[in-house]
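Start counting the sequence shown at 12; every next residue gets the next number (our numbering).
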Amino acid sequence: MHSYTVAKKIEVIRWHREHGKNVHQTSRQFKLDQKRIREWVKNFDNLLQQNFGKAKLRRKLSNGATVFSEYVDDPLFELKEPRDTPLATGCCLKRL
């Protein structure tokens, strides 16, 4: 099962609305299940409220469980964010 960021969900819904609100066409464009798109459209207002700061990139952790600690959650999220420059590790370069 894939996990999508709030920003990605909003992008899909906006494309859906701009192109005639056709769920089948949107599902083909983004390779998503039609049921998932209908759920996102239904929850669009909540998604817009979540789309600020780090929350727009954050995915639900373990199906929406509450955050254990802000002191742990924020540094872990920053560690997992894509970096602009690769990190040198051993003999090759990797991106987190």
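The beta carbon of each residue, even a glycine, is placed where N, CA and C say it ideally should be.
**Prompt:** Quick one: what's got a C-beta closer than 6 Å to T37's C-beta in the same chain, skipping five residues either side?
**Reply:** H27, I48
**Asked** Of all the options E89, P86, N62, L90, which has the alpha carbon lying nearest to the alpha carbon of Y15?
**Response** N62
**Secondary structure of N33, DSSP reduced to three states** = coil
**Buried versus exposed, by CB contacts within 10 Å (16 or more), K32** = exposed
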